[in-house]
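Step one of this worksheet: look at the structure below.
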Amino acid sequence: MKKSAIINSSPNVYEIILSWIPVADQYGPQSFCAGAIDTIQLQSNQWCITFLVGFDSPDIIRPAMVQGLPVAYCLMSNRRAATYIELFQRLKHEAEVLGMQFKPINIVSDFETALIPAVRQEFSEAIHTGCLFHFMQTVHRKIMGLGLHDDYTRCPEIREQCKQLIALSLMPIHEVERQYKRLRDIASASLDDLFIYFHRQWINGNVSLTMWNFHELDHRTNNISEGKII
1 MKKSAIINSS PNVYEIILSW IPVADQYGPQ SFCAGAIDTI QLQSNQWCIT FLVGFDSPDI
61 IRPAMVQGLP VAYCLMSNRR AATYIELFQR LKHEAEVLGM QFKPINIVSD FETALIPAVR
121 QEFSEAIHTG CLFHFMQTVH RKIMGLGLHD DYTRCPEIRE QCKQLIALSL MPIHEVERQY
181 KRLRDIASAS LDDLFIYFHR QWINGNVSLT MWNFHELDHR TNNISEGKII
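Numbering (UniProt numbering), first residue to last: 1 to 230.
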């Protein structure tokens, strides 16, 4: 195993710690992968921490223990796309120093606006999917934000229609738009604003349908990365 620490690597990426990274001749160049990316804001100094883990690599973790492998903790001064790009390029460089490749096959993250184009630019071959928990949380918060709390809690019909809207994320991708239109046609009038939001944000928005469709995915959340943030 090798360790590497970068202190004050740039004004934006304050610190990167790469830890417990298998050397190339031990596991091969493709075993260095990022399985999840997530960010939280530190209350003490308003910096951001990003945690990446290697997912389900049978060459590194025995099948019975497959959960995740810590790869990097990163403190960032902001959440701009340029800063994420700088971070990813730095991680690629550090991987090369260790004789490996930072070339994730799958990336799971929340739906942060700046993160999506950065991943697309630096890892164009990776499959980038969102997190089901964050998707459900975002839509549910919108339901509450639209003043639908009382209707949602007291009216089973309204609650069921909201749940069916969220459940579109679990349907086969070729069925999503057709089922959305079906739900829209039968929805209660009180949900008009919710359906307008859903169409603008998820059906015809900046987040591609493939990113929030979780049908038959092995990993639907980035919970494993958040569970490691202490």
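No residue lacks a Cβ here, since even glycine has one placed at the ideal position from N, Cα and C.
Assign Asp110 to one of two classes, buried (16 or more other C-beta atoms within 10 Å of its C-beta) or exposed (fewer than that).
buried
Got a sec? Which residues, its chain only, sit under 6 Å from Asp150 by beta carbon, not counting five neighbours each side?
none
Which same chain residues end up closer than 8 Å to Met65 when comparing Cβ atoms and leaving out the 5 residues on each side of it in sequence?
The pLDDT assigned to Met65 is 45, lower than 50, so where the model puts this residue is not dependable, and the model offers no usable value.
Identify the residues that DSSP records as bridge partners of residue 233: which are they?
Residue 233 lies beyond the range of the chain shown here (1 to 230); nothing can be said about it.
Would you mind sorting Val176 into buried or exposed? The rule is 16 or more other CB atoms within 10 Å of its CB.
buried
Spatially closest choice to Leu194 from Leu146, Arg90 and Ile173, by CA coordinates
Leu146
Taking Cβ to Cβ, would you say Gln161 is nearer than 9 Å to Ile196?
no
Would His219 pass as a contact of Val119 if the rule is Cβ separation under 9 Å?
no
Ordered list of alpha helix (DSSP H) runs contained in the region 146-190, each at least 4 residues:
149-154, 156-166 and 176-186
For Met76, which three-state DSSP category applies?
Residue state for Met76 is assigned as strand, using DSSP reduced to three classes.
Any idea what DSSP makes of His93, helix, strand or coil?
helix
Simplified DSSP assignment, three categories, for Thr113
Thr113 falls in the coil class under three-state DSSP.
Identified DSSP bridge partners for His128
Ile107
Confirm, please, whether the CB-CB distance from Arg184 to His174 is below 9 Å.
In this structure, His174 lies away from Arg184, with their beta-carbon atoms at least 9 Å apart.
With a CB to CB cut of under 7 Å and the five nearest residues on each side skipped, what residues in its chain are close to Ile85?
Ala118, Gln121 and Glu122
Give the secondary structure of Val71 by DSSP, where H, G and I count as helix, E and B as strand, and everything else as coil.
Correct three-state label for Val71: strand.
Reduced DSSP secondary structure (H/G/I, E/B, other) of Met100
Here Met100 sits in coil by DSSP.
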